[in-house]
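Encoded as structure tokens, the structure appears first; notes follow it.
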Amino acid sequence: MYEPKTKETDSSVIEFIEGVDSVKKREDAYALVDIFTEVTGYEAKMWGPSIIGFGKYHYKYASGHEGDAPLVGFSPRKAKISLYFAPEDPERETLLENFGKHTTGKACVYINKLSDIDVTILKELIGQSVAFLRATYPE
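Those letters in the sequence shown? Residues 1095 to 1233, per our numbering, in order.
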């Protein structure tokens, strides 16, 4: 049976952030914790060794694959900051149009630094992602 690698842990979010090499990335990470907490109302939790997640939901696909994941989150990685929103949310691309300097992957939005993006749109992305996932995977 498939066992997801990214699970909620009891590791300290503060200790993780303090371990980030770049001072600027640490500052951005603390600011992101505040923003995500303000918008979601959830406490920051570590998911796996490097993702800071907020809230959680249980997903179950038609294939039978299921598990838990954070509603939204981010990771201050060495190269870029990864932001995690619902990838299948049709509103995501519209919101990203005026987001600022970023690139996207299948599940992530990548930014270099917080000052490159519009924080108001970041808050909209967080709220929209949470609403979309709550509607798609009701408890």
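Don't be surprised by glycine CBs; every beta carbon is placed ideally from N, CA and C. The structure displayed is predicted, hence computed values, not measured ones.
In the three-state reduction of the DSSP assignment, Leu1165 falls in the coil class. Contact check for Phe1110 against Thr1131 fails: the beta carbons are separated by 8 Å or more. Distance check between Pro1184 and each of Leu1126, Phe1226, Gly1113, Ile1146 places Phe1226 closest, using alpha-carbon atoms only. For the segment 1190 to 1231, the continuous beta strand (DSSP E) assignments of 3+ residues that do not extend past its boundaries occur at 1202 to 1205, in sequence order.
Assignment of Glu1102 by DSSP, reduced to helix, strand and coil, places it in the strand class. About 30 Å separates the CB atoms of Ile1146 and Ala1156; that is not less than 8 Å, and the two are not in contact. DSSP places Phe1179 in no beta strand (DSSP E); its state is neither H nor E.
By the beta-carbon neighbour count (other beta carbons within 10 angstroms, threshold 16), Val1203 is buried. Bridge partners of Glu1109 according to DSSP: none are assigned. With respect to the 8 Å criterion, Phe1168 and Tyr1178 are classified as neighbours on the basis of their beta carbons.
Setting aside the 5 residues that flank it on each side, Gly1221 is surrounded in the same chain by Val1133, each with a C-beta closer than 7 Å to its C-beta; the list follows chain order.
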